[in-house]
Each structure stands twice: as structure tokens, then as C-alpha cells.
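Numbering (our numbering), first residue to last: 315 to 598.
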């Protein structure tokens, strides 16, 4: 008995130490970025155009470009991903082809983002001749987050009890009416949560937009979907690897990283708020 209690305490201490290490690492990372980035943070930094070869001024074009890319990505991926999830969950059977499709979706979720960037370069930039543009970058990011949205939507749809569907069909509702009036309202919290979290991933990706949308420096704001843009992730990469004045550009890079982290945290906060609100509205 004493030996079992000793093992249990040892396992508990091991797990707690792992949690402490993870939390400490996250805290140190945040402290390091906040300490470095807060020095350049002001209203002008958020609203001004870059100046003097990106050694002064603000990062407004990068913020705007990131918003354009993420909005375009979710507008492409959300309806496509949720539609695919509805078909796989509500209409498709459990045959071999569907199982292969699900395995393919799971594998796509683990593919490195640089592969999606090369795909976007080959298809959208070159083959479809969209060029290095917001459209190419948004479509590439949309494909990147598509597997995540499909899997999150499938999981959310599967949590709706089967008895809800059977009761609706027994009352004379069609399959689509059951999905529209019963299944989707009771699974919308999980669908939105997965979708918003995928936006956070799209906002922080560098490799896909490196080939399809981003530019190192521009003095003009985008005026169409075929314009190239600055973006926060690539802006950080460019300042730290290609900058010729590190003494002034490195602080700007840390400030940009802080803005990107706050943006992603804000999206995650929205996801959790929506999830809790819709969960409270459930009747089961």
C-alpha cells in the first residue's frame, strides 16, 4: 500500500513539474517579447507607414495586410470546410472511400505550412496567374486551415445526440431541415470555436505568404485583391534576416511580434467567449 502511494505521489510530482516547466517557458517567452516590444509601442507605431527603409515609422500596412489575408482565408475556408463536414457527418456512409478521405484530411492537417506555400505558388501565382497578391495568399491560407475547420466541425456535429435527429425526422422534417434547424444550432459553438482558432493559425503563418502574397517593403496600401501586401509574420522575418540596420530594425521586429501575439490572443479570446455563450444557450 505504501509503495502504491509513493508511486502515485511520484507521478503527481512529475506531472506537476512538467506543467510548471511549460508554464515557465511560456511566461519567459511572453516576458522577453513584451519587454523588448513595449519600448517601441505607441499610437504612431500602429497607425503610421514605414519610413526610412523600415528603420522608423509604423507597421500599419503589415497590420492591414494581415487582416486582409486572414479575412480572405476564412471567407474561403469556412463555408467550404463546414459544408464538407456536414456531408461527411450527415450524408456520407462509413464505406472505405469515406475512411480514406478522413485519413487524407487528418494527414493534411499535419503537412508543413511551407508545402502549402509551394502549392499556392504553383497553382495560384503561376498556373492561375493571380500573381503575388492578397488573393493568392488568402486562398493558400484558406487551404492551410481547411483541414482544421473540417475536423473541428465534424467533432462539433457529432456531439449532437442522434435522438435529436430521429425526433425531427419522426415529426416529418426532411434531412436538410433537420440539419438546418436542429443539428447546426446545437453545434455552432464548436464550429465557430474551431474556425476562429484556425484564423489565429493563419494570422501567424509565414511560409505560405512568403511565396504568394507578402512583400518586404511598400509605401502603398493595397487597392485590390491582386495587390501584394506586407504582413506581420513576414515583416518580423524580413526585419531580422534581411534588415541592413539591425540597431533600429530589431526593436521594430519585437514590437511587431508583440502586436501579432496580441492579435492571436484576441482571436482566441473571441473563440472562447463565443463558445461559452452558445454553450449556455443549449438546453441539454
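Where a beta carbon is used, it is the ideal one built from N, C-alpha and C, also for glycine.
Between which two residues does the alpha helix (DSSP H) holding residue i run?
i	result
residue 414	410 to 423
residue 291	Outside the displayed range of the chain (315 to 598) lies residue 291, so it cannot be described from this structure.
residue 480	476 to 484
residue 403	Element bounds for residue 403: n/a, residue is neither H nor E.
residue 552	546 to 555
residue 463	448 to 472
residue 360	357 to 361
Please state whether the Cβ-Cβ distance between residue i and residue j is less than 9 Å.
i	j	result
residue 578	residue 527	no
residue 448	residue 542	yes
residue 559	residue 376	no
residue 391	residue 457	yes
residue 467	residue 509	yes
residue 388	residue 501	no
residue 455	residue 519	yes
residue 459	residue 395	yes
residue 586	residue 507	yes
residue 371	residue 358	yes
residue 453	residue 441	no
residue 346	residue 362	no
residue 522	residue 434	yes
Tell me the rounded alpha-carbon separation between residue i and residue j.
i	j	result
residue 341	residue 364	30 Å
residue 430	residue 451	10 Å
residue 332	residue 343	17 Å
residue 545	residue 556	15 Å
residue 487	residue 381	41 Å
residue 551	residue 495	46 Å
residue 601	residue 330	The structure shown does not extend to residue 601, since the chain spans only 315 to 598, so no value can be given for it.
residue 535	residue 426	30 Å
residue 477	residue 409	23 Å
residue 398	residue 446	28 Å
residue 499	residue 475	13 Å
residue 384	residue 436	21 Å
For residue i, name the three-state secondary structure that DSSP assigns.
i	result
residue 494	helix
residue 527	coil
residue 426	coil
residue 487	coil
residue 434	helix
residue 569	helix
residue 543	strand
residue 371	strand
residue 364	strand
residue 515	helix
residue 520	coil
residue 444	coil
residue 534	coil
residue 558	coil
Is residue i close to the ligand NAD? I mean its beta-carbon at under 8 Å from any heavy atom of the ligand.
i	result
residue 582	Here there are no bound small molecules, and the ligand NAD is not part of this structure.
As a quick exercise: from the options, pick the residue whose alpha carbon is nearest that of residue i.
i	options	result
residue 505	530, 480, 461	461
residue 574	326, 323, 352	352
residue 470	345, 589, 355	589
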